[in-house]
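Scroll down for the structure; my scribbles are underneath it.
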DNA sequence: TTTATTTAATAGTATTACTATCATTTTAAA
DNA sequence: TTTAAAATGATAGTAATACTATTAAATAAA
């Protein structure tokens with residue numbers, strides 16, 4: 033992780049297992065990433081193909097395949113980028129906050145506001161990327177290849193983000209028996225509830241469309257602290 | 033919903049919007065459903081095709097396309113069948129339990145034991161079906177077509193299951209502000225945490241492989257009741 | 001038994017998901 | 001600055017996927 037330079041925003045470094053050739057290293061690669069976010073956001077991951085992307089970029093399929101083995105790997109790259117950016121934001125905003133409950137609240141605020149562009153990291157359309165993360169991130173690991181992909185380190189960013197938050201949870205209540213499950217549930221719920229609010233509203237308690245993020249924050253905060261404070265939570 | 037007859041187990045009736053021709057009505061249709069569960073469980077939904085299924089069944093692609101428009105519709109059908117079966121089980125086991133907290137505990141028990149074959153409904157390999165539900169159910173709605181699919185009624189079973197559980201939650205604490213969000217979070221977490229325990233264990237607190245379901249039940253029970261009992265939960 | 005319905009067999013199309021080859025341009029090293 | 005190396009573009013090609021259409025054969029209903 034490199035600190036933001038004076039001229040440009042921070043550069044997120046991702047494991048070289050996530051690509052064939054580093055897309056951040058070349059102009060075509062950077063355009064690939066930027067335009068793929070636009071296209072996936074527009075038509076969805078299942079309808080997305082490298083051919084369509086190449087047409088949009090006025091490049092060729094073969095050129096794009098030099099960066100990513102296939103579209104699934106590109107998806108893993110994009111969501112990993114998002115997790116890394118979130119992790120960076122969390123560190124940035126919590127590093128001088130001594131109170132652990134307050135740090136957890138900040139984390140939940142950041143999680144529920146992930147659809148806003150963050151001025152410290154934006155070199156990408158993060159709002160579009162977050163829409164992709166909400167709809168498509170689960171597909172990165174819900175495959176028959178999970179175990180080999182996991183062994184190859186493809187999910188490292190997500191696991192590290194979870195691990196960072198687990199530390200806060202454990203600081204709040206070292207006795208709590210399910211810190212990892214709680215954190216992954218919060219991370220997943222933040223996305224799922226937003227999706228439900230937008231598409232399957234009977235599965236959530238979203239109010240008017242504008243206040244979704246406040247309601248979502250309130251739900252997650254309530255859930256997290258209720259779990260951590262409940263007497264029966266300790267073992 | 034029809035009660036179990038003397039000779040055979042209950043027949044789950046699904047909305048006719050879920051198929052082109054009712055697969056329960058013919059021998060080929062029933063084989064389609066049964067064999068597709070085996071094949072999707074084996075190779076995963078992305079690798080599954082009607083051609084492979086036809087080969088396995090010694091039928092033809094064209095015949096199978098008469099039952100379902102495409103493989104996505106088949107997936108929606110299969111997971112809807114599972115939700116309907118769960119709903120039936122829940123009604124069956126809770127209908128004469130007066131105590132709402134006890135009913136919720138029963139629901140969570142059923143949710144975390146969904147991978148066992150239930151003797152009252154088994155005409156399908158429910159263990160294999162539940163493995164599919166865990167890995168693939170989210171893909172039923174995480175598409176660009178969610179809104180039109182939802183309008184067509186494709187997610188009715190899931191929404192009704194959630195609504196049934198919401199009633200219990202509201203009986204336990206009518207003041208609780210997020211009953212729908214809590215229920216959908218519990219439903220999603222039951223699947224996700226099982227998947228994590230099996231494939232990404234650092235995201236959960238699963239113990240030895242054999243005790244996953246007890247640990248998962250304990251986590252969900254703790255979470256649900258902590259949320260419902262917390263003083264701050266009321267608004 | 002005739003008619004209608006369902007299935008099987010076969011074929012065919014457009015798109016997807018790639019891989020290969022080679023010429024050309026861009027970049028980087030000597 | 002030349003020269004070599006690397007990256008891109010252009011073109012082509014293959015196997016698999018996701019279907020649709022047609023016709024014939026089998027089965028069931030009237």
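Chains as they are written, first to last, in my numbering: chain D, 33 to 267; chain Y, 33 to 267. Each residue gets a CB set at the ideal place from its N, CA and C atoms; glycine is no exception. The structure displayed is predicted, hence computed values, not measured ones.
Open item on the list: Looking only at its chain, what residues have a beta carbon closer than 6 Å to the beta carbon of residue 267 of chain Y, apart from the 5 residues adjacent to it on each side?
Closed with: The predicted position of residue 267 of chain Y is uncertain, since its pLDDT is 44 and thus under 50; a value taken from the coordinates is nonetheless stated next. Around residue 267 of chain Y: 209.
Task: Buried versus exposed call for residue 246 of chain D [16 or more other C-beta atoms within 10 Å across all chains shown] - done: exposed
Open item on the list: Within 8 Å of any Cβ in chain D, is that where the Cβ of residue 146 of chain Y sits?
Closed with: Residue 146 of chain Y does not count as touching chain D.
Task: 6 Å Cβ shell around residue 184 of chain D - same chain, five flanking residues per side excluded - done: 49
Task: Amino acids of chain D, ordered along the chain, whose beta-carbon sits closer than 8 Å to that of residue 206 of chain Y - done: None at all; the shortest Cβ gap to chain D is about 14 Å.
Task: Contact check, residue 256 of chain Y vs residue 136 of chain Y, beta carbons under 8 Å - done: yes
Open item on the list: Spatial neighbours of residue 122 of chain Y within its chain, please: C-beta separation below 7 Å, excluding the five flanking residues on both sides.
Closed with: 139, 142 and 196
TODO: For residue 217 of chain D, decide whether its Cβ has a neighbour in chain Y, counting only Cβ atoms nearer than 8 Å.
DONE: yes
- [ ] Give the range of the alpha helix (DSSP H) segment to which residue 144 of chain D is assigned.
- [x] 132–144
- [ ] Whole angstroms is fine: what's the gap from residue 276 of chain Y's alpha carbon to residue 98 of chain Y's?
- [x] Missing from the structure shown is residue 276 of chain Y; chain Y here goes from 33 to 267 and no further.
Open item on the list: The alpha helix (DSSP H) that contains residue 125 of chain Y, what's its start and end?
Closed with: Per DSSP, residue 125 of chain Y is one residue of the alpha helix (DSSP H) stretching across 103–126.
TODO: Ignore the nearest five residues each way along the sequence and tell me which others in residue 189 of chain Y's own chain have a CB closer than 6 Å to its CB.
DONE: Closer than 6 Å at Cβ, skipping near neighbours: 112, 115 and 116.
TODO: Check whether the Cβ atoms of residue 71 of chain D and residue 80 of chain D sit closer than 8 Å, and answer yes or no.
DONE: yes
TODO: Specify the secondary structure class of residue 162 of chain Y as computed by DSSP and reduced to three states.
DONE: Annotated three-state conformation of residue 162 of chain Y is helix, per DSSP.
Open item on the list: Can you pull out the residues from the region 219–230 of chain Y whose beta carbon lies closer than 7 Å to at least one beta carbon of chain D?
Closed with: 220, 221, 224, 225 and 228
Open item on the list: Using CA atoms only, rank isn't needed, just tell me which of Y/77, Y/201 and Y/119 is closest to residue 131 of chain Y.
Closed with: Y/201
Open item on the list: Just to confirm before moving on: does the CB-CB distance between residue 161 of chain D and residue 110 of chain D stay below 8 Å?
Closed with: Yes. Within cutoff.
- [ ] Would you mind giving the Cβ-Cβ distance between residue 236 of chain Y and residue 180 of chain D, rounded to the nearest angstrom? I have them listed as a contact below 8 Å.
- [x] That belief does not hold up - the Cβ atoms of residue 236 of chain Y and residue 180 of chain D are roughly 20 Å apart, past 8 Å.
- [ ] Could you confirm whether any beta carbon from chain Y is found closer than 8 Å to the beta carbon of residue 236 of chain D?
- [x] yes
Open item on the list: Using C-beta distances below 8 Å, list every residue in its chain close to residue 214 of chain Y, excluding the 5 sequence neighbours before and after it, in chain order.
Closed with: 201, 208, 256, 259 and 260
Task: Spatial neighbours of residue 232 of chain D in its chain, beta-carbon cut-off 6 Å, leaving aside the 5 residues before and after - done: If we look at residue 232 of chain D and ignore the five residues flanking it on each side, it has no Cβ neighbours.
Open item on the list: Between residue 75 of chain Y and chain D, is the shortest Cβ-Cβ distance under 8 Å, so that the two count as touching?
Closed with: Yes, contact with chain D.
Open item on the list: Taking 8 Å as the threshold (C-beta atoms), are residue 107 of chain Y and residue 171 of chain Y in contact?
Closed with: yes
Task: Contacts that residue 94 of chain Y makes with chain D (C-beta to C-beta distance below 9 Å) - done: None at all; the shortest Cβ gap to chain D is about 23 Å.
TODO: Output, in chain order, the set of chain Y residues within a Cβ distance shorter than 8 Å of residue 79 of chain D.
DONE: Near residue 79 of chain D (Cβ distances below 8 Å), the residues of chain Y are 176.
Task: Start-to-end residues for the alpha helix (DSSP H) that takes in residue 238 of chain D - done: In the DSSP assignment, residue 238 of chain D falls outside any alpha helix (DSSP H), carrying neither H nor E.
Open item on the list: Could you compute how far the alpha carbon of residue 286 of chain D sits from the alpha carbon of residue 118 of chain D?
Closed with: As displayed, chain D neither begins before 33 nor continues past 267, which places residue 286 of chain D out of reach and without an answer.
Task: Buried or exposed (CB count within 10 angstroms, at least 16 for buried), residue 74 of chain Y - done: exposed
TODO: Please confirm if residue 196 of chain D has its CB atom under 8 Å from at least one CB of chain Y.
DONE: no
Open item on the list: For the alpha helix (DSSP H) containing residue 80 of chain D, name the first residue and the last one.
Closed with: Here residue 80 of chain D belongs to no alpha helix (DSSP H), and DSSP marks it neither H nor E.
Task: 8 Å Cβ cutoff met for residue 250 of chain Y and residue 244 of chain Y - done: no
Task: Terminal residues of the alpha helix (DSSP H) in which residue 67 of chain D lies - done: 59–75
- [ ] Could you tell me which chain D residues have their CB closer than 9 Å to the CB of residue 48 of chain Y, listed as they occur along the chain?
- [x] Here the premise fails: no neighbours, minimum Cβ distance about 21 Å.
TODO: Just the chain D side, please: which residues come within less than 9 Å of residue 86 of chain Y by C-beta, in chain order?
DONE: Those within 9 Å of residue 86 of chain Y in chain D number zero; the least Cβ separation is about 21 Å.
Task: Under 8 Å between C-beta atoms of residue 167 of chain Y and residue 227 of chain Y - done: Residue 227 of chain Y sits close to residue 167 of chain Y, with the two beta carbons spaced by under 8 Å.
Task: Backbone secondary structure at residue 87 of chain Y - three-state DSSP - done: helix
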